[in-house]
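Worksheet: one structure, shown below.
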Amino acid sequence: MNENALLVLNFEEVRRRSIKLWTAIPAEAMDWRPDPEAMSCKEMIRHVLEGEYLYYQILVKHVGETTIESHNPYELKVFTTINEELEFAKPYRNKFLKFIKSLNSNDLTNIKIDRSDIGYIRYLGDMLLRIAYHESVHTGQLLDYLRTAGVQRPNIWD
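Heads up: the sequence shown begins at 1 in my numbering, then just goes up one per residue.
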């Protein structure tokens, strides 16, 4: 298995577990939040999906592709259901995974992603792992949300 296949497998496994959790959240709990400053369950799910889209835009810009979207399709979209959110995200997710599959070993270790505007510069391979980690962290947060709210949690460790 090469680097790309491992990266894609990691992204797919992280998302599979996220979806297992997201689809187990009852509709009446989607607006729950542990405190007024925290994201609600549905806001956190949207944050993860939109975040992946925005990260992808940053990556393709640094790789030199010219197919960067001119607007954020999530900006005006109202959250409805998990299934609808996942359907909406599917084409963007597919582009992102296709992008990862197109990379080579040199890309992963030599292309720098400059985010000095927020305090860091990382190699592309490192950045991809951080993107997957971002989703994993929010999955953990949502598991805690459900525990705190007294909602049954699915076993994501199958």
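Glycine included, every Cβ here is placed at the ideal spot set by N, Cα and C.
Taking only the alpha-carbon atoms, compute the straight-line gap between residue i and residue j and give it to the nearest angstrom.
i     : j      : result
Glu13 : Val60  : 23 Å
Tyr55 : Gln152 : 32 Å
Asn72 : Asn2   : 32 Å
Glu84 : Val48  : 15 Å
Going by CA-CA distance only, name the one from the options that's closest to residue i.
i      : options                         : result
Arg16  : Lys101, Met1, Arg93 and Lys42   : Arg93
Glu43  : Asp31, Glu75, Arg147 and Thr109 : Asp31
Ala149 : Leu9, Cys41, Leu7 and Asn2      : Cys41
Ile45  : Phe79, Pro36, Phe96 and Glu28   : Phe79
Tyr123 : Glu37, Trp22, Ala29 and Val63   : Val63
Tyr145 : Leu21, Lys77, Thr81 and Asp158  : Leu21
His134 : Arg147, Tyr53 and Ala5          : Tyr53
Phe96  : Leu128, Ile82 and Asn104        : Leu128
Asp158 : Asn4, Ala5 and Ser18            : Ser18
Starting from residue i, trace the beta strand (DSSP E) in both directions and tell me its first and last residue.
i      : result
Ile121 : Tyr120 to Tyr123
Is residue i near the ligand ADP - that is, is its Cβ less than 7 Å away from at least one heavy atom of it?
i     : result
Lys77 : This structure does not include the ligand ADP; it has no bound ligands of any sort.
Do residue j and residue i count as a contact pair if the criterion is CB distance below 8 Å?
i      : j      : result
Ala132 : Phe11  : yes
Leu108 : Gly119 : no
Ile111 : Ile121 : no
Exercise. Where in the segment 34–81 do unbroken runs of the alpha helix (DSSP H), each at least 4 residues long, occur, reported from the N-terminal end onward?
Worked result: 41–63
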